[in-house]
Every structure is written in C-alpha cells, then in structure tokens.
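A.B. asks: Sequential numbering of the sequence shown, starting at 7, is according to the numbering used here. Got a structure for you, questions after.
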Amino acid sequence: METVLVEDVLHRFLLERAGVRGVIVRLGPAWREVAGRAEYPEPLRDLLGEALAASALLTGNIKFDGSLSIELKSAGALRLLFAECSDSGRLRGLARWNAALPDPLHLSELPEAIMAITIGQADRGQRYQGLIDLGHPDLAGALENYFLQSEQLPARLVLAADGQHAVGLMLQKLPGEGGHDAAEDEDAWTRIEHLTATLGREELLSTAPEDLLYRLYHEETVRLFEPRPLAFGCSCSRERVEAMLRTLGREEIEATLEAQHGLIEVTCEFCARTYSFDRVDAQHVLSGGVAASPTVQ
Ligand SMILES: [Zn+2]
Numbered sequence: 007m008e009t010v011l012v013e014d015v016l017h018r019f020l021l022e023r024a025g026v027r028g029v030i031v032r033l034g035p036a037w038r039e040v041a042g043r044a045e046y047p048e049p050l051r052d053l054l055g056e057a058l059a060a061s062a063l064l065t066g067n068i069k070f071d072g073s074l075s076i077e078l079k080s081a082g083a084l085r086l087l088f089a090e091c092s093d094s095g096r097l098r099g100l101a102r103w104n105a106a107l108p109d110p111l112h113l114s115e116l117p118e119a120i121m122a123i124t125i126g127q128a129d130r131g132q133r134y135q136g137l138i139d140l141g142h143p144d145l146a147g148a149l150e151n152y153f154l155q156s157e158q159l160p161a162r163l164v165l166a167a168d169g170q171h172a173v174g175l176m177l178q179k180l181p182g183e184g185g186h187d188a189a190e191d192e193d194a195w196t197r198i199e200h201l202t203a204t205l206g207r208e209e210l211l212s213t214a215p216e217d218l219l220y221r222l223y224h225e226e227t228v229r230l231f232e233p234r235p236l237a238f239g240c241s242c243s244r245e246r247v248e249a250m251l252r253t254l255g256r257e258e259i260e261a262t263l264e265a266q267h268g269l270i271e272v273t274c275e276f277c278a279r280t281y282s283f284d285r286v287d288a289q290h291v292l293s294g295g296v297a298a299s300p301t302v303q
C-alpha cells in the first residue's frame, strides 16, 4: 500500500508505551519558495532548510501568539541565517553570506557566532528569547542541548534538507507520571533513541511522515494527531517598511530620493514584494502621518 506523500505539514504524535511525545515536519513547496530566493551555496541552503524545519518543529508543542524564529549571526562568511514560523503555520527564512563558505558548515566553527530562539510578538514587546549554545557542529545537536538546559528533559532532533525538501523529527521524553517506574522510563527513552539513530538522511527526506513513524516505531503504539498545514508566507507590510524608513531619518531619506530620481523602492528579502515611496509618501512617512498610497493588508 502506498501512502500519498503529504507536504508542508506538521504532525504531533505520542509514543504512548514509551512516554515520549514528538513532532514531525515535512516541507516541500514552502521550502522551495524560501530556497529559491537566492543562489545559496549547498551547505548553506541545507542549513537554512534545517533551520526552517526546526522553527516549525519547535511550534509543535507550545502555545504562543506571533512567531517563533531561529536566528544566527556570525562574523565569518555566514553573516546571518533566519528562519521563522508563525502561530498560523506561515514560514519564511533567508541567509546572508559574503565569501566562500566552509563545506561542511559547522556551527561550532563560526567566528563570534550567536544563535537565538525568539518567541512572541515583537511589536507588542511580548517576547521570550533564549540563546543556543553553539558547541555542537550541527543544528540538531545544538537544539538538543538547548532543550536539555532549558527544560531539563532530554530531546532528540533529526533534521535534513536538500533542494527539494526540508524535514525534521523531534522527540521529547515526557516527565515521569505517577505509577511509572523511573528505570522503565529510562529504558523506553534509550530504546526510542536507538530506533531514531537508525534513521538516515535519505530516508528522512524521501519518506512520508506517517510511513516514517510506522517504520521506526511500529512496536511503540504511535498515536498520530491531525496534521497542521504549513505554508510559505511573509508578515511584511507597508506600515513596517514605513517604520523602518523613519528610523533612517530625514537626511538619509532625502539623499536617497535625490539619488533615485524621487522614488524609494524597498524590496522585502523574504517575499520579494516591493514597496514604493515617492516624495509625497516620504514626507508623510517622515511626519509620522498616514501614507498617501493605499495600504495593502
Ligand atoms: Zn515580505
């Protein structure tokens, strides 16, 4: 029997017998939209895909308003990597680099690197931010370490991406409940870790979520919850671009208008949408007033 390969989807699941909860994410079109925005060198493209899948994975077991982002900055060839998933499953991401990137691209070897997870609504100041220790060469290892430190519970992550798909699998040991034997729980977690370790990159990339879970954990009573759809999408807006322009100040805006024949065009790097401002618009922006052009929602 062949299952239809479902793409751009997040599934939560439970391995009931083992006391483990999990999330699996499989991205197809949404990932290709992000990957196709720039000529990413392969190792960077794959890291961006892993980060995008991870941003969705991390939304699987939490309730939040706004978005969850993973952001990496470094002083080396990889300057910035950003991946974000909103509370409604809207994904976007990008990376900036400026020279030949090392291949393989090890997080632990990036100079002056900082990686953070941010959750919440930036506009309303309701944000949580956690720093990720970059002692691990790969993103999955760094995130496992983050979970162990922040939640005191072991987690296992497997991430993979190529030009077509970005996939992630996350398992978390549930805190032992009444009646459970601690040693038994420990055994179950070890068993799940062993089963998960047999999963190869190609298998993860090429297998539908339901098939993959069945193949790995069929002896563990998998309870699969309804899938959540994911999709590429951007939260940019004319208001946000106006706010950004305001921070540049009058002098720079006027200089730009002068240099560009009276028209400022700002193109969103995530979705390639362009916002245009003529001299009249720019005056309104600078005076903090309402834009002359109709605002697209
Ligand atoms: Zn945009």
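C-beta: ideal position from N, C-alpha, C; glycine also. Quick caveat, the model's predicted, so the values are computed rather than measured.
Note down the Cα distance separating E192 from S61, rounded to an integer number of angstroms.
C.D. replies: Going from the Cα of E192 to the Cα of S61 covers about 28 angstroms.
A.B. asks: For F88, is the beta carbon positioned less than 7 angstroms from some heavy atom of ligand 1?
C.D. replies: The answer is no for F88.
A.B. asks: By Cβ distance, which residues of its chain are closer than 7 angstroms to G55, with the 5 residues on each side in sequence left out?
C.D. replies: Taken in chain order, the residues that qualify are W37, A41, A167 and A172.
A.B. asks: Is the separation between the beta-carbon of L236 and that of V29 shorter than 8 angstroms?
C.D. replies: Against a cut-off of 8 angstroms, the Cβ pair of V29 and L236 comes out as no contact.
A.B. asks: Examine ligand 1 and report whether any of its heavy atoms sits within less than 7 angstroms of the Cβ of F231.
C.D. replies: Checking the Cβ of F231 against ligand 1 gives no.
A.B. asks: In the DSSP assignment, the beta strand (DSSP E) including Q135 goes from what residue to what residue?
C.D. replies: Element bounds for Q135: Q132 to I138.
A.B. asks: Can you tell me which residues form a DSSP beta bridge with K79?
C.D. replies: K79 pairs with L86 and I120.
A.B. asks: Hey, how far is the Cα of W103 from the Cα of I123?
C.D. replies: Going by the C-alpha atoms only, they are around 20 angstroms apart.
A.B. asks: Is it the case that the CB of F238 approaches a heavy atom of ligand 1 more closely than 7 angstroms?
C.D. replies: Result no, Cβ not under 7 angstroms from ligand 1.
A.B. asks: Confirm, please, whether the CB-CB distance from L58 to T65 is below 8 angstroms.
C.D. replies: It is not a contact, given that the beta carbons lie outside the stated cut-off.
A.B. asks: Would you call F238 buried or exposed, if buried means 16 or more other Cβ atoms sit within 10 Å of its Cβ?
C.D. replies: Classification for F238: buried.
A.B. asks: When you measure from the CB of R279 to every non-hydrogen atom of ligand 1, does any distance come out below 7 angstroms?
C.D. replies: At least one heavy atom of ligand 1 is nearer than 7 angstroms to the Cβ of R279, so yes.
A.B. asks: If you measure from the CB of F317, is any heavy atom of ligand 1 nearer than 7 angstroms?
C.D. replies: Here the chain comprises residues numbered 7 to 303, so residue 317 is not present and cannot be evaluated.
A.B. asks: Counting only runs that start and end within the segment 252–287, where is the alpha helix (DSSP H) found for 4 or more residues in a row?
C.D. replies: Listed in chain order, the complete alpha helix (DSSP H) runs (minimum 4 residues) inside the segment 252–287 are 256–265.
A.B. asks: Any heavy atom of ligand 1 closer than 7 angstroms to the Cβ of C242?
C.D. replies: Because some heavy atom of ligand 1 lies under 7 angstroms away, the Cβ of C242 counts as near it: yes.
A.B. asks: Quick check: what's the CA-CA separation for L154 versus R162?
C.D. replies: Roughly 10 angstroms separates the two Cα atoms.
A.B. asks: Distance check for T280 and L211, CA to CA, integer angstroms please.
C.D. replies: Straight-line Cα distance between these residues: approximately 34 angstroms.
A.B. asks: Check the C-beta distance from P215 over to R18 and give it rounded, since I have them as a contact under 8 angstroms.
C.D. replies: 11 angstroms between Cβ atoms; not a contact.
A.B. asks: Strictly by DSSP, which residues pair up with M176?
C.D. replies: Partner(s): V29 and L163.
A.B. asks: May I have the straight-line CA-CA distance separating N35 from V286, to the nearest angstrom?
C.D. replies: It is Pro, not Asn, that sits at residue 35 in the sequence shown. When rounded, the distance between both Cα atoms is 39 angstroms.
A.B. asks: Kindly confirm or deny that the segment 108–128 and the segment 143–151 touch, where touching means at least three C-beta pairs closer than 8 angstroms.
C.D. replies: Enough Cβ pairs lie closer than 8 angstroms, so yes.
A.B. asks: Which one of F231, G182, E115 and A106 has the shortest CA to CA distance from N67?
C.D. replies: If we check each option's Cα against that of N67, F231 comes out closest.
A.B. asks: DSSP puts C91 in a beta bridge; with which residues?
C.D. replies: According to DSSP, which records beta bridges pairwise, C91 is partnered with L74 and L97.
A.B. asks: Decide if the segment 238–247 is in contact with the segment 257–277; the criterion is three or more beta carbon pairs, one per stretch, under 8 angstroms apart.
C.D. replies: Touching, per the Cβ criterion.
A.B. asks: Compute the Euclidean distance between the alpha carbons of R246 and E22, then round it to the nearest angstrom.
C.D. replies: Distance between the alpha carbons of R246 and E22: 45 angstroms.
A.B. asks: Taking buried to mean at least 16 other C-beta atoms within 10 Å of its own C-beta, is T204 buried or exposed?
C.D. replies: With fewer than 16 other Cβ atoms within 10 Å, it is exposed.
A.B. asks: Near L175, which residues of its chain fall below 6 angstroms by C-beta distance, leaving aside the five closest residues on each side in sequence?
C.D. replies: For L175, where only same-chain residues beyond five positions count, the Cβ hits under 6 angstroms are I30 and V164.
A.B. asks: Can you tell me where the beta strand (DSSP E) with H112 in it begins and where it stops?
C.D. replies: Careful: H112 lies outside any beta strand (DSSP E) and carries neither H nor E.
A.B. asks: Give me, in chain order, the residues of the same chain whose beta-carbon lies closer than 7 angstroms to that of V228; leave out the 5 immediate sequence neighbours on both sides.
C.D. replies: Correct list, in chain order: F19, L21, L219 and Y220.
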